[in-house]
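A.B. asks: Got a structure here, written out as C-alpha cells. Questions coming.
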C-alpha cells in the first residue's frame with residue numbers, strides 16, 4: 001500500500017535526542033521552540049518526507065516534525081477536505097492549482113523568507129536563465145504568487161505573497177533497461193514502439209500520465225499541441241485514442257501508481273521502458289541492475305514541490321513554520337535532497353553542505369572524482385561517472401512541460417478512467 | 423423498546439448508507455462538494471460505456487471465481503467430511519486449511535507476482551522442463567492472475583460453510599441410499615448436493631460479495647490494466663469526486679443486493695438451517 005505514516009518523536013532514541021536538544025537549548029542559546037515544544041504536522045507526497053530531515057529539524061530548531069507521507073491524490077484530498085489535519089502541506093504545484101481555491105492554505109510573506117532572492121528563477125519569473133523559454137503546463141511561477149495573505153487568485157508577477165515555498169523539483173523522463181534494449185533510445189515515441197510490445201509501462205496518475213502521453217504523441221509526429229498543459233477536449237480524445245489502441249494491442253505490461261511498483265516492474269525485467277521518477281532509477285541501480293534515466297530529444301517533463309502553510313496557523317506556530325521554512329532553504333536540506341538526485345530551490349546554499357565532488361556530479365554534470373554516496377550511505381556511482389542528462393542548466397533548461405491541471409481536467413479524468421477500463 | 427442490536431445497526435449500517443445515498447445526489451467541483459439534489463452523477467454513470475464494461479468485468483470475475491472456489495471448496499469439504507473417518511483428523515486437516523489465513527490477504531496476493539512473472543519461478547520451471555520455449559506472458563497482469571488470486575484468497579470461505587453443512591448430514595441417509603441401490607455419483611447428486619445447498623449458498627454469498635466489492639486485488643494482479651466497479655469508486659474518491667463515487671457505490675450495492683436476492687430464491691437459508 002502507498003499509505004504509511006512516519007511519526008516523529010515517539011521512539012526512545014528521539015525522546016533522548018529531544019531531551020539533549022532541549023537541554024542544550026537552555027544552556028547555550030535561548031532556543032524558543034525547544035522550550036515551547038512546538039510540533040508541526042507536515043502532510044505531503046512521499047518524495048520529500050525523510051526522517052533524516054525531521055531529525056535534523058529537531059536538532060537545529062527544536063521543532064518536532066510529524067511527517068505523513070501520502071500519494072499525490074491522497075494529499076490533495078487531505079488538503080482540500082481536512083484543513084485541520086496538517087500545519088504544513090508539502091505538495092506539488094499542480095496540486096496547488098487544485099487546492100488553493102479552497103482557502104485552506106495561507107500565503108507567505110516573502111519579506112520573511114531570508115533566502116527569497118536566491119530561489120531559482122524557475123519559481124519566481126518562470127525563467128531559469130534570463131533567456132530561457134517558459135515550458136508548457138502548470139509552470140510553478142504561474143501558481144506561485146497571490147494577492148495577499150488570504151488571496152484566492154493567482155497573480156503572474158512576484159507579488160510578495162507566495163503560495164508555496166519551493167522545496168524540491170526535478171526533470172523527469174523515461175527510464176530504460178539498457179541491457180535488455182541493447183540500442184540507443186533518444187525519443188519519447190519509443191514508449192509505443194511495437195518492438196517493446198508487452199514490455200512498456202506508464203504511470204496511472206492522470207495529471208502526470210497525460211503529460212507523458214502528450215510528449216509521446218508529439219514525438220511520434222501525430223500531433224503538435226498548442227499547449228500540452230491545457231488540452232482541448234478534442235486533443236484529449238486524440239491522445240487517449242492513440243494510447244487506447246496501443247493498450248489493446250498489448251503494448252503495456254502494467255501501469256504503476258506507486259513508486260515501489262515502478263521499481264519492481266523495472267528490476268524484475270517485466271518492463272524495459274517506462275515513465276519513471278529519479279529516485280526509482282537509483283533504487284533499481286542499487287539492486288545492481290543497470291537502469292538509465294534516458295535524456296530524450298524532445299526534452300523533459302518537469303515537476304516541482306513546495307510547502308504551503310495551513311490557513312489555521314497563527315501566533316507562535318506560524319512563527320515556527322516560517323523558521324522551519326527559512327531553515328529548509330538555508331542549505332542542509334538542499335544538500336541532502338541534491339544527493340538524492342533532486343534539485344533544491346536554493347542551489348547556492350546547498351553547495352555549502354556538499355563536497356566539491358558531489359556538487360560537480362549532481363549539479364554541474366561533471367565526471368565524479370571519487371565514489372558518489374547516497375545520504376543513506378549506499379554507493380551509487382564509482383569515480384568517472386556522469387549524471388544522466390548532465391548539468392542542472394542542461395536538464396532544467398530542457399524542460400518541455402510541467403505536470404498540469406487543465407481547464408478540462410474533469411473530462412480528462414473521465415477519459416483516463418475509460419483508458420484504464422478499456 | 424429498541425433493542426441494542428437495532429441501535430448498533432442503525433448507527434453503523436443504516437446511517438452510513440443513507441449518507442452515501444444522499445451524497446450521491448450532490449454536486450462536486452474539483453475541490454469541493456456542494457449539497458444539491460440532481461441526477462447528474464447517475465446520468466453520467468448510466469450514460470458512460472465504461473460503466474457497462476466495468477460492471478460486466480465485475481460479474482465476470484465474480485462468476486469465474488465462484489466456479490473455481492465452488493469446485494475446489496466442495497471437493498475439499500467432501501473429502502474432509504466423508505473420507506476422513508476420525509474426528510481428530512477432520513479437525514486437524516480443517517485447521518490446516520486455515521493456515522494461509524495467518525498472513526495478510528495482501529501478502530498472499532502479492533507473493534504471486536514474483537512467482538508468475540516473466541522471469542518468475544513458474545515460467546523458468548516450465549522452460550527448464552521443455553514444456554514451453556518462450557515465457558508465458560498471460561500468467562501475470564491478466565484476467566488469469568486476477569482470478570487466480572481471488573480463488574486463492576476466497577476458497578476457504580466456500581470450504582467452511584459447505585464442510586459445516588456436510589457434517590450435519592445424517593450418515594444413515596447415505597447408507598439408506600446405498601441400500602436402495604444408488605451408486606456413488608447418484609448419492610452425491612441426489613442426496614449430498616441437495617442437503618449441502620444452504621452451505622453452498624452461504625459460501626456463494628461470501629465469495630460473490632467479496633469479489634464484487636474488491637478493488638485492490640484487481641488493481642495489483644492486473645497491473646492496473648483492468649477495472650472493476652471497486653476501482654471506479656476508488657479512482658473517483660482519489661480525485662475528490664465523492665458524489666460520483668457515492669452514486670457508483672449505490673448502484674453497486676443495489677446490484678449486489680439483487681444478485682443475493684436472486685440467489686436466495688434458489689435456497690431458503692433460514693428454513694434449511
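Chains as they are written, first to last, in my numbering: chain P, 1 to 422; chain Z, 423 to 695.
The beta carbon of each residue, even a glycine, is placed where N, CA and C say it ideally should be.
Just so it is clear, the structure is predicted and the values come from calculations on it, not from any experiment.
Applying a beta-carbon distance threshold of less than 7 Å, which residues of chain Z neighbour residue 253(P)?
C.D. replies: If you number the first chain from 1, residue 253(P) lands on position 253. Going along chain Z in sequence order, the residues near residue 253(P) (Cβ under 7 Å) are 563 and 645.
A.B. asks: Apply the 10 Å Cβ neighbour rule to residue 61(P) and answer buried if 16 or more other Cβ atoms are within range, or exposed otherwise.
C.D. replies: Here residue 61(P) refers to the residue found at position 61 when the first chain is read from its first residue. It is buried - the Cβ of residue 61(P) has at least 16 other Cβ atoms within 10 Å.
A.B. asks: What residues in the stretch 198-232 of chain P have a beta carbon less than 7 Å from any beta carbon of chain Z?
C.D. replies: Cβ contacts with chain Z: 198 and 204.
A.B. asks: Using a cut-off of 7 Å between C-beta atoms, extract the partners of residue 657(Z) located in chain P.
C.D. replies: In the second chain, the residue the question calls residue 657(Z) occupies position 235. Within chain P, the residues near residue 657(Z) are 417.
A.B. asks: Rounded to whole angstroms, what is the Cα-Cα separation between residue 27(P) and residue 66(P)?
C.D. replies: Numbered from 1 along the first chain, position 27 holds the residue referred to as residue 27(P). Numbered from 1 along the first chain, position 66 holds the residue referred to as residue 66(P). For residue 27(P), the predicted structure reports a pLDDT of 39, less than 50, and the residue's modelled location is therefore unreliable. The matter cannot be settled from this model.
A.B. asks: Can you round the beta-carbon distance between residue 163(P) and residue 256(P) to whole angstroms, since I take them to be within the 8 Å contact cut?
C.D. replies: Numbered from its first residue, the first chain carries residue 163(P) at position 163. Numbered from its first residue, the first chain carries residue 256(P) at position 256. The pair is not a contact, with the Cβ atoms about 30 Å apart (cut-off 8 Å).
A.B. asks: Can you give me the Cβ contacts of residue 137(P) inside the same chain, cut-off strictly under 7 Å, excluding the 5 residues immediately before and after it?
C.D. replies: Taking the first chain and counting its residues from 1, one reaches residue 137(P) at position 137. Result list for residue 137(P): 211, 228, 229, 401, 402, 403 and 404, in chain order.
A.B. asks: Whose C-beta lies closer than 6 Å to the C-beta of residue 636(Z) among residues of the same chain, with five residues either side of it excluded?
C.D. replies: Start at 1 with the first residue of the second chain, and residue 636(Z) comes out as number 214. Excluding positions up to five away in sequence, the list reads 652.
A.B. asks: Out of curiosity, what's the CA-to-CA distance linking residue 380(P) and residue 91(P)?
C.D. replies: Position 380 of the first chain holds residue 380(P). Position 91 of the first chain holds residue 91(P). Taking the straight line joining both Cα atoms gives about 27 Å.
A.B. asks: Check distances from the C-beta atoms of the stretch 259-290 of chain P to those of chain Z and list, in chain order, the residues that come in under 9 Å.
C.D. replies: Within the stretch 259-290 of chain P, the residues whose Cβ lies closer than 9 Å to some Cβ of chain Z are 261, 264, 265, 268, 269 and 270, listed in chain order.
A.B. asks: Keeping to the same chain, check which residues put their C-beta closer than 7 Å to that of residue 204(P); ignore five residues upstream and five downstream.
C.D. replies: By 1-based counting over the first chain, the position of residue 204(P) is 204. So the qualifying residues of the chain are 255, 256, 257 and 420.
A.B. asks: Would the beta-carbon of residue 498(Z) fall within 9 Å of that of residue 587(Z)?
C.D. replies: Stepping through the second chain from its first residue, residue 498(Z) is reached at position 76. Stepping through the second chain from its first residue, residue 587(Z) is reached at position 165. The answer is no: Cβ separation not under 9 Å.
A.B. asks: Kindly confirm or deny that the stretch 186-201 of chain P and the stretch 70-77 of chain P touch, where touching means at least three C-beta pairs closer than 8 Å.
C.D. replies: Cβ pair count under 8 Å is below three, so no.
A.B. asks: Expressed to the nearest angstrom, what Euclidean distance is found between the alpha-carbon atoms of residue 116(P) and residue 125(P)?
C.D. replies: Translated into the one-based positions of the first chain, residue 116(P) becomes position 116. Translated into the one-based positions of the first chain, residue 125(P) becomes position 125. C-alpha separation (whole angstroms): 13 Å.
A.B. asks: So, helix, strand or coil for residue 96(P), using DSSP?
C.D. replies: Sequence index remark: in the first chain, residue 96(P) carries index 96 (1-based). Correct three-state label for residue 96(P): helix.
A.B. asks: With three or more beta-carbon pairs closer than 8 Å as the criterion, would you say the stretch 633-648 of chain Z touches the stretch 506-513 of chain Z?
C.D. replies: They do not touch, by the three-pair rule.
A.B. asks: Using Cβ-Cβ distances below 9 Å, what residues of the stretch 524-552 of chain Z are close to chain P?
C.D. replies: Against chain P - using a Cβ distance shorter than 9 Å - the residues of the stretch 524-552 of chain Z are 528, 535, 536, 539, 540, 541 and 542.
A.B. asks: What is the residue span of the beta strand (DSSP E) that residue 225(P) lies within?
C.D. replies: Numbered from its first residue, the first chain carries residue 225(P) at position 225. Element bounds for residue 225(P): n/a, residue is neither H nor E.
A.B. asks: Examine chain Z for any beta-carbon lying closer than 9 Å to the beta-carbon of residue 356(P), and answer yes or no.
C.D. replies: Here residue 356(P) is taken as the residue at index 356 of the first chain, counted from 1. Residue 356(P) does not count as touching chain Z.
A.B. asks: Would you give the residue range spanned by the beta strand (DSSP E) that residue 307(P) belongs to?
C.D. replies: Along the first chain, read from residue 1 onward, the residue named residue 307(P) stands at position 307. Note, residue 307(P): beta strand (DSSP E), 300-310.
A.B. asks: My assumption, with CB atoms under 8 Å, is that residue 670(Z) sits in contact with residue 654(Z). Please give the rounded CB distance.
C.D. replies: Translated into positions along the second chain, residue 670(Z) becomes position 248. Translated into positions along the second chain, residue 654(Z) becomes position 232. About 6 Å separates the two Cβ atoms, so the contact holds.
A.B. asks: My output table needs one value for residue 157(P): the three-state DSSP class, helix, strand or coil.
C.D. replies: Mapped onto the first chain, residue 157(P) falls at position 157. If DSSP states are grouped into helix, strand and coil, residue 157(P) belongs with coil.
A.B. asks: Suppose the cutoff is 7 Å on Cβ atoms and the five residues either side in sequence are ignored; what does the same chain contact list for residue 216(P) look like?
C.D. replies: Along the first chain, one-based indexing puts residue 216(P) at 216. Here the set comprises 188, 189, 191 and 192.
A.B. asks: So is residue 76(P) in contact with chain Z if we call contact Cβ pairs under 9 Å?
C.D. replies: Against the first chain, residue 76(P) aligns to sequence position 76. Chain Z, which has a Cβ nearer than 9 Å to the Cβ of residue 76(P), makes this yes.
A.B. asks: Suppose only complete runs of 4+ residues qualify. What are the alpha helix (DSSP H) ranges in the stretch 355-414 of chain P, listed by chain order?
C.D. replies: Correct list: 356-362 and 392-396.
A.B. asks: Tell me the rounded alpha-carbon separation between residue 53(P) and residue 157(P).
C.D. replies: For the purposes of this step, residue 53(P) is taken as residue 53 along the first chain, with counting starting at 1. For the purposes of this step, residue 157(P) is taken as residue 157 along the first chain, with counting starting at 1. In a straight line, the C-alpha of residue 53(P) is about 31 Å away from that of residue 157(P).
A.B. asks: The alpha helix (DSSP H) spanning residue 634(Z) covers which residue range?
C.D. replies: Counted from its first residue, the second chain places residue 634(Z) at position 212. 615-635 is the span of the alpha helix (DSSP H), which, as asked, contains residue 634(Z).
A.B. asks: Can you have a look at residue 317(P) and say buried or exposed, based on whether 16 or more other CB atoms are within 10 angstroms of its CB?
C.D. replies: The residue labelled residue 317(P) in the question sits at position 317 within the first chain. Buried, by the Cβ-count rule.
A.B. asks: Using the three-state DSSP reduction, which class does residue 255(P) fall into: helix, strand or coil?
C.D. replies: Within the first chain, the letter at position 255 stands for residue 255(P). If DSSP states are grouped into helix, strand and coil, residue 255(P) belongs with the strands.
A.B. asks: Between the beta-carbon of residue 302(P) and the beta-carbon of residue 135(P), is there less than 9 Å?
C.D. replies: Taking the first residue of the first chain as 1, we reach residue 302(P) at position 302. Taking the first residue of the first chain as 1, we reach residue 135(P) at position 135. Contact flag set, yes.
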